[in-house]
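Trainee: Residue numbers (our numbering): 65 to 457. We treat Cβ as the ideally placed atom computed from N, Cα and C, and that holds for glycine. Dropping the structure in here first, questions after.
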Amino acid sequence: MRVYLDNNATTKIDPLVKVKMQPFFEELYGNPNSLHQYGMEVRPALNEALGNMYDALNAPNEDDIIVTSCATESNNSVLKGIYFEYIAKNPDKNHIVTTSVEHPSISDTLMFLKDYGVDITFVDVNENGGISAQAIKDAVTDKTVLISMMWANNETGIIFPVEEISRFAKENKILFHTDAVQAIGKVPLDLTKVHVDYLTFSAHKFHGPKGVGGLYVKKGKNLPNLLHGGEQMGGKRAGTLNVAYIVGMGLAMKQAMKHVEIMNSKIRALRDRLEDAISQLPDSFVVGQTEMRTPNTLLVSLRGIEGESMLWDLNRAGIAASTGSACASESLHANPIMSAIGKDPELAHTAIRLSLSRFTTEDEIDYTIDVFKKAAKRLRAISSTYAYTNAVA
Ligand code: 7TS
């Protein structure tokens with residue numbers, strides 16, 4: 065059996081999305097900026113796709129959605145754009161507040177901007193892996209121009225206090241950006257209720273194609289164009305539009321929001337079943353209470369079992385999981401969240417992330433529970449022999 069439980073890294077494409085995209089590789093291949101029939105005939109599908117995205121966010125279409133190549137580009141664009149538009153023009157307001165557990169496309173970009181005079185406060189997670197709204201508010205100074213805080217964390221699934229911070233930012237005339245990559249399709253989103261100025265998303269995290277993402281920009285919170293050379297995307301990002309992928313992202317986003325209920329009932333129940341079984345194993349530690357988390361994610365540590373060893377045992381049995389974000393998996397580092405919440409170093413090396421999708425089945429979870437328990441037993445036996453051998457030596 066093959067079981068894919070690494071849906072926070074990427075997801076399979078929804079078959080409906082694939083079908084919807086197909087004609088745009090074949091007969092409907094015109095450039096939408098061309099004035100002939102080939103160009104004109106693809107425009108309705110583009111408009112429909114963008115309409116789906118506005119609806120999914122419940123955002124008025126006088127706001128802007130800039131289609132990008134991925135969330136990494138969206139996050140780079142918003143931070144560098146704010147630097148050019150606000151900080152470079154008014155260096156007195158050069159302070160950005162963020163969390164210590166953002167994706168590297170936020171944290172590395174901010175470290176890059178530091179060299180250009182941007183002052184950054186990284187707010188740490190608390191002992192549960194959450195972010196305290198008060199800690200974010202306390203980090204703000206009269207120089208703060210932006211708060212950037214992810215909606216849900218990719219490693220733990222823990223949902224951050226976006227609604228409260230968005231209200232606080234608005235009241236204090238501070239820009240607010242949220243990386244909602246791990247929230248789309250998992251939590252209800254309504255931008256008429258949550259006052260974000262900028263929001264990042266990525267199609268391949270919600271059963272759309274890879275290589276396409278978006279940046280929502282609230283009306284009046286303009287960003288400069290960082291890719292010059294054409295009038296595409298209303299002059300906000302030059303380059304010929306990838307019609308097939310944009311069409312795919314539009315439908316994928318619509319489908320993702322349609323399935324939020326299912327994610328929070330059926331898939332949440334499957335995740336809880338997996339979690340209950342793993343938590344019963346001796347010396348296991350799950351990060352964050354279930355109700356704090358997105359319905360599909362579980363980050364667990366099993367003392368005495370290296371995360372990589374468990375990963376390989378699972379992999380041999382056809383189960384895909386991860387030790388954390390794929391963005392850091394080349395370096396066999398300690399899991400950054402486990403380190404951030406201040407658990408002892410061993411737990412950071414024993415973390416396993418399991419992330420489900422709306423396509424995950426009951427049989428797959430039952431199989432995973434079975435394999436996981438056997439692997440834990442096997443690896444514990446090896447590690448105690450190892451500990452004994454070391455002690456004798
Ligand atoms: N932001 C968050 C919160 C993410 O989880 C990721 C990918 C990105 C941005 C980057 O997205 P992309 O569209 O540029 O690929 N996160 C992960 C992960 O958790 N495991 O692998 C990739």
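Between Met297, Lys318, Lys234 and Gly293, which has its C-alpha nearest Ile248's C-alpha?
Mentor: Position 184 of the sequence shown, counted from the start, is the residue given in the question as residue 248. With distances taken between Cα atoms, Ile248 lies closest to Lys318.
Trainee: Just checking, does the segment 139-158 make contact with the segment 109-119 on the three C-beta pairs under 8 Å criterion?
Mentor: Touching, no, given that fewer than three Cβ pairs across the two stretches are closer than 8 Å.
Trainee: With hydrogens ignored, establish whether the beta-carbon of Thr358 is closer than 8 Å to any heavy atom of the ligand 7TS.
Mentor: In the sequence shown, the residue the question calls residue 358 occupies position 294. Every heavy atom of the ligand 7TS is 8 Å or more from the Cβ of Thr358, so no.
Trainee: What is the rounded straight-line gap between the Cα of Ser395 and the Cα of His241?
Mentor: Within the sequence shown, numbered from 1, the residue matching residue 395 stands at position 331. Within the sequence shown, numbered from 1, the residue matching residue 241 stands at position 177. Residue placement at Ser395 cannot be trusted, given a pLDDT of 47 that sits under 50; what the coordinates show is reported in the next sentence. Answer to the nearest angstrom: the Cα atoms are 29 Å apart.
Trainee: Measuring CA to CA, which of Ile310, Glu325 and Glu428 is closest to Val106?
Mentor: Residue mapping note: residue 106 aligns to position 42 of the sequence shown, counting from 1. When only C-alpha atoms are compared, the closest one is Ile310.
Trainee: Quick check on DSSP: helix, strand or coil for Ser164?
Mentor: Taking the first residue of the sequence shown as position 1, residue 164 is located at position 100. Coil at Ser164, not helix or strand.
Trainee: For Asn328, which residues of its own chain have a beta-carbon under 6 Å away from its beta-carbon, when the five flanking residues on both sides are left out?
Mentor: As a first step, residue 328 is located in the sequence shown; it is residue number 264 there, counting from the start. Shown here for Asn328: same chain residues with a beta carbon closer than 6 Å to its own, the five before and five after excluded, namely Pro359 in chain order.
Trainee: Counting only runs of 3+ residues fully inside the segment 324-388, write out the beta strand (DSSP E) ranges in chain order.
Mentor: 348-350 and 361-366
Trainee: State yes or no: is the C-beta of Val217 nearer than 8 Å to some heavy atom of the ligand 7TS?
Mentor: Position 153 of the sequence shown, counted from the first residue, corresponds to residue 217. Residue identity differs from the one stated: residue 217 is Asn in this sequence, not Val. For the ligand 7TS, at least one heavy atom lies less than 8 Å from the Cβ of Asn217.
Trainee: Is the distance from the Cβ of Ile383 to the Cβ of Ala440 below 9 Å?
Mentor: Your numbering for residue 383 matches position 319 in the sequence shown. Your numbering for residue 440 matches position 376 in the sequence shown. Result no, Cβ atoms of Ile383 and Ala440 do not sit closer than 9 Å.
Trainee: Taking buried to mean at least 16 other C-beta atoms within 10 Å of its own C-beta, is Tyr93 buried or exposed?
Mentor: What you label residue 93 is simply residue 29 of the sequence shown in a count that begins at 1. It counts as exposed.
Trainee: If I follow the unbroken alpha helix (DSSP H) through Phe240, where does it start and stop?
Mentor: Working through the sequence shown from its first residue, we reach residue 240 at position 176. Element bounds for Phe240: not the alpha helix (DSSP H) but the beta strand (DSSP E), Leu239 to Asp243.
Trainee: Tell me whether His268 sits in a helix, a strand or coil according to DSSP, three-state version.
Mentor: Here residue 268 refers to the residue found at position 204 of the sequence shown. If DSSP states are grouped into helix, strand and coil, His268 belongs with the helices.
Trainee: Check each candidate in Asp427, Leu366 and Lys274 and name the one with the smallest Cα separation from Ala415.
Mentor: Residue numbering aside, residue 415 sits at position 351 when the sequence shown is read from its first letter. Here the closest residue by C-alpha is Leu366.
Trainee: Is His259 near the ligand 7TS, judged by its Cβ being under 8 Å from some heavy atom?
Mentor: In the sequence shown, the residue the question calls residue 259 occupies position 195. Outside the cutoff, so no.
Trainee: Classify His323: buried if its beta carbon has 16 or more other beta carbons within 10 angstroms, exposed otherwise.
Mentor: Your numbering for residue 323 matches position 259 in the sequence shown. Its Cβ being crowded by 16 or more others within 10 Å, His323 is buried.
Trainee: For the ligand 7TS, is there any heavy atom lying closer than 8 Å to the beta carbon of Gln246?
Mentor: Position 182 of the sequence shown, counting from 1, holds the residue named residue 246. At least one heavy atom of the ligand 7TS is nearer than 8 Å to the Cβ of Gln246, so yes.
Trainee: CB of Thr387 to nearest heavy atom of the ligand 7TS: below 8 Å?
Mentor: Your numbering for residue 387 matches position 323 in the sequence shown. No, the Cβ of Thr387 stays beyond 8 Å of every heavy atom of the ligand 7TS.
Trainee: Could you check if Ser403 belongs to the surroundings of the ligand 7TS, using beta carbon to heavy atom distance under 8 Å?
Mentor: Stepping through the sequence shown from its first residue, residue 403 is reached at position 339. Not under cutoff, so the answer is no.
Trainee: Is His271 near the ligand 7TS, with its Cβ less than 8 Å from a heavy atom?
Mentor: Working through the sequence shown from its first residue, we reach residue 271 at position 207. No; taking the cut-off as 8 Å, the Cβ of His271 has no heavy atom of the ligand 7TS nearer than that.
Trainee: Got a sec: does the ligand 7TS put a non-hydrogen atom nearer than 8 Å to the Cβ of Gly277?
Mentor: Sequence index remark: in the sequence shown, residue 277 carries index 213 (1-based). Closer than 8 Å to some heavy atom of the ligand 7TS: that describes the Cβ of Gly277.
Trainee: Give me, in chain order, the residues of the same chain whose beta-carbon lies closer than 8 Å to that of His100; leave out the 5 immediate sequence neighbours on both sides.
Mentor: As a first step, residue 100 is located in the sequence shown; it is residue number 36 there, counting from the start. Answer for His100: Gly94, listed in chain order.
Trainee: Can you tell which of Phe186, Asp179, Ile331 and Val209 has its C-alpha closest to the C-alpha of Lys153?
Mentor: Taking the sequence shown and counting its residues from 1, one reaches residue 153 at position 89. For Lys153, the nearest C-alpha among the options comes from Val209.
Trainee: Spatial neighbours of Ala392 within its chain, please: CB distance less than 6 Å, with the 5 preceding and 5 following residues excluded, ordered by chain position.
Mentor: Taking the sequence shown and counting its residues from 1, one reaches residue 392 at position 328. Residue placement at Ala392 is flagged as unreliable, the pLDDT there being 49, under the threshold of 50; the coordinate-derived value follows with that caveat. Closer than 6 Å at Cβ, skipping near neighbours: no residue.
Trainee: Mind checking whether Thr185 and Val165 have CB atoms under 9 Å apart?
Mentor: Counting from one through the sequence shown, the residue named residue 185 turns up at place 121. Counting from one through the sequence shown, the residue named residue 165 turns up at place 101. Not a contact, by the Cβ cut-off of 9 Å.
Trainee: For the beta strand (DSSP E) holding Leu210, just list the boundary residues, first then last.
Mentor: Stepping through the sequence shown from its first residue, residue 210 is reached at position 146. From DSSP, the beta strand (DSSP E) with Leu210 extends over Thr208 to Ser212.
Trainee: Could you please give me the residues that DSSP links to Val189 through a beta bridge?
Mentor: Residue numbering aside, residue 189 sits at position 125 when the sequence shown is read from its first letter. DSSP output for Val189 lists no bridge partner at all.
Trainee: Would you decide whether Tyr68 is buried or exposed? Buried here means 16 or more other CB atoms lie within 10 Å of its CB.
Mentor: Translated into positions along the sequence shown, residue 68 becomes position 4. With 16 or more other Cβ atoms within 10 Å, it is buried.
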